[in-house]
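Trainee: Numbering (UniProt numbering), first residue to last: 1 to 192. My questions will all concern the structure given below.
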Amino acid sequence: MGNGQSCNRVHLIDFGLAKRYRKNPFTGHINYHEYKRFIGTTRYVSLNTHLGVEQARRDDLEALGYILVQFSTGSLPWMGVVTRSKKRRNKRIGAVKISISLEKLCVGLPPCYQEYLAYVRGLGYHQNPDYGHCRQIFRNYFLSQNMKEDFDYDWYQVNRRRKTNSSLSPSQSTLAVQSSKEFQMITPRPNI
Numbered sequence: 001m002g003n004g005q006s007c008n009r010v011h012l013i014d015f016g017l018a019k020r021y022r023k024n025p026f027t028g029h030i031n032y033h034e035y036k037r038f039i040g041t042t043r044y045v046s047l048n049t050h051l052g053v054e055q056a057r058r059d060d061l062e063a064l065g066y067i068l069v070q071f072s073t074g075s076l077p078w079m080g081v082v083t084r085s086k087k088r089r090n091k092r093i094g095a096v097k098i099s100i101s102l103e104k105l106c107v108g109l110p111p112c113y114q115e116y117l118a119y120v121r122g123l124g125y126h127q128n129p130d131y132g133h134c135r136q137i138f139r140n141y142f143l144s145q146n147m148k149e150d151f152d153y154d155w156y157q158v159n160r161r162r163k164t165n166s167s168l169s170p171s172q173s174t175l176a177v178q179s180s181k182e183f184q185m186i187t188p189r190p191n192i
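Pasting the structure below:
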């Protein structure tokens, strides 16, 4: 996250695995290949990556979906997988991802998560993702809940509480710390 004036801006870093998806600006998409070497962070890579399929834009969007699920729930069903080798771990996590339904993966989350993942998993290798549609899936839910786009993120609210707690007496501060340990994700405030 940015600081100061840009504190509500997310900065994406580490493009070490990035590559062009077009051969050049004037020709088509890179060719489809199978039996590709595993590249990426096992926790987030797409089902196709686990199956050895060349990665495309759809795979980046699927990885983003897993990140959003983890941000919202605190974990992913395959996070506890432990094996002796990295290769086995990749295979085991891939098997869990393939076997788990989107309903189970997104249990307890708003329906937009499942809708988003179903959309990106349904994209073809050469297909142009509709990024506007991806954003609209979440925006529609956001609006249906009468939420306000004020960029007042959950962690800002937690930080404000911590600052408030630092001005409390020791006994009040202990109670505030106990209640912050019971913190659940704060959703954006409804429009009033």
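Beta carbons: idealized from backbone N, C-alpha and C, even for Gly.
#1: Does the beta-carbon of residue 55 have 16 or more other beta-carbons within 10 angstroms, so that it is buried, or is it exposed?
#2: Taking residue 36 as the reference, give the member of 28, 49 and 121 with the closest Cα.
#3: Could you compute how far the alpha carbon of residue 146 sits from the alpha carbon of residue 59?
#4: Would you call the region 101 to 112 in contact with the region 125 to 132, where contact means no fewer than 3 C-beta pairs closer than 8 Å?
#5: Here's the rule: buried if 16 or more other CB atoms are within 10 angstroms of the residue's CB, otherwise exposed. What is residue 63?
#6: Have a look at 34, 5 and 1 and flag the residue whose alpha-carbon is nearest the alpha-carbon of residue 12.
#7: Would a C-beta distance cut-off of 8 Å place residue 134 and residue 61 closer than the cut-off?
#8: Write down every uninterrupted run of the alpha helix (DSSP H) in the UniProt domain "Protein kinase" (1 to 143) whose length is 4 residues or greater and which is fully enclosed by it, in chain order.
#9: Taking the alpha carbon of residue 57 as the reference point, which residue from 78, 118, 141 and 124 has its own alpha carbon closest?
#10: Is the CB-CB distance between residue 78 and residue 97 below 8 Å?
#11: Could you check if residue 171 is buried or exposed, using at least 16 other CB atoms within 10 Å of its CB as the buried criterion?
Mentor: Reading from the atomic positions:
#1: Position 55 of the sequence shown, counted from the start, is the residue given in the question as residue 55. With 16 or more other Cβ atoms within 10 Å, it is buried.
#2: If you number the sequence shown from 1, residue 36 lands on position 36. Looking at the Cα atoms, 49 is the closest of the given residues.
#3: On the sequence shown, position 146 is the one that residue 146 refers to. On the sequence shown, position 59 is the one that residue 59 refers to. Residue 146 and residue 59: Cα-Cα distance of roughly 31 Å.
#4: no
#5: Here residue 63 refers to the residue found at position 63 of the sequence shown. Classification for residue 63: buried.
#6: The residue given as residue 12 occupies position 12 in the sequence shown. Ranking the options by Cα distance to residue 12, first place goes to 1.
#7: For the purposes of this step, residue 134 is identified with residue 134 of the sequence shown, where counting begins at 1. For the purposes of this step, residue 61 is identified with residue 61 of the sequence shown, where counting begins at 1. Result yes, Cβ atoms of residue 134 and residue 61 sit closer than 8 Å.
#8: The UniProt domain "Protein kinase" (1 to 143) contains these whole alpha helix (DSSP H) runs: 47 to 50, 57 to 73, 86 to 99, 102 to 105 and 111 to 121.
#9: For the purposes of this step, residue 57 is identified with residue 57 of the sequence shown, where counting begins at 1. Nearest C-alpha to residue 57: 124.
#10: Here the question's residue 78 lines up with position 78 in the sequence shown. Here the question's residue 97 lines up with position 97 in the sequence shown. Yes, Cβ-Cβ distance for residue 78 and residue 97 is below 8 Å.
#11: As a position in the sequence shown, residue 171 is number 171, starting the count at 1. Model confidence at residue 171 stands at a pLDDT of 48, short of 50, so the residue's coordinates are unreliable; what they give is reported in the following sentence. Counting Cβ neighbours within 10 Å, residue 171 comes out exposed, since fewer than 16 surround it.
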